[in-house]
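Visitor:
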Amino acid sequence: MALYSEKVMDHFINPRNVGSIENADAIGEAGNAKCGDIMKMYLKIDDNGIIEDVKFETFGCASAIASSSMATEMIKGKPVSEAAQLTNKAVTEALDGLPAHKIHCSVLAEEAIKKALDNYYQNEKGEKNE
Ligand code: FES
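No gaps in the numbering here: position 36 of the sequence shown is 274 in my numbering, and each next residue is one more.
1) Ordered along the chain, which non-local residues of its own chain (more than five positions away) have a Cβ less than 7 Å from that of Ala309?
2) Would you kindly work out how many angstroms separate the C-alpha atoms of Ile283 and Ala338, rounded to a whole number?
3) Let me know the secondary structure DSSP gives Leu333 once reduced to three states.
4) Taking contact to mean at least 3 C-beta pairs separated by less than 8 Å, is the stretch 273-292 in contact with the stretch 239-253?
5) Determine the direct distance from the alpha carbon of Leu333 to that of Phe250, and round the result to whole angstroms.
6) Can the beta-carbon of Ile259 be found closer than 8 Å to that of Asp291?
7) Leaving out five residues on either side along the sequence, give the residues of the same chain with a beta carbon under 7 Å from the beta carbon of Gly269.
Structure follows, in structure tokens:
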């Protein structure tokens, strides 16, 4: 059996939603101290709390890039409440699995999105307090 599924290879070779968003409503970053890989997520969120656009920059391994790409596809067009429920397990399943020693790469995607959503809620609170 190949080490990586076809979906992992596809999202690694043709990653979706790569880049950054100018004036993003939320930004979240996650890193893994052991491998040194870093993932950054940018979200554009409309007034109804729907994720209009999402982009990522990942300085990391193939699994991290594939996980970022898949995760962005899974939350695009979704309400923030739904994006907050996204787990690394769901991302891994959507990729048809990752090798056991590469599961931590999918954790970065979950963490980066959660951090971005924290950032979004903080910004919202800030606006309301103004
Ligand atoms: Fe570090 Fe994959 S080896 S994120």
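The beta-carbon is built from N, C-alpha and C at its ideal position, and this holds for glycine as well.
Guide: Once the coordinates are examined:
1) The residue you call residue 309 lines up with position 71 of the sequence shown. For Ala309, where only same-chain residues beyond five positions count, the Cβ hits under 7 Å are Leu324, Val329, Ala347 and Ile351.
2) As a working mapping, residue 283 is identified with position 45 in the sequence shown. As a working mapping, residue 338 is identified with position 100 in the sequence shown. If you take the alpha carbons of Ile283 and Ala338, they lie about 34 Å apart.
3) Within the sequence shown, residue 333 is the residue found at index 95, counting from 1. Correct three-state label for Leu333: coil.
4) no
5) Along the sequence shown, one-based indexing puts residue 250 at 12. Along the sequence shown, one-based indexing puts residue 333 at 95. So the alpha carbons of these two residues sit roughly 11 Å apart.
6) Start at 1 with the first residue of the sequence shown, and residue 259 comes out as number 21. Start at 1 with the first residue of the sequence shown, and residue 291 comes out as number 53. Their beta carbons are under 8 Å apart, which means Ile259 touches Asp291 by this criterion.
7) Walking along the sequence shown from the start, residue 269 turns up at place 31. Closer than 7 Å at the Cβ level, and outside the excluded window around Gly269, lie Asp275 and Ile276.
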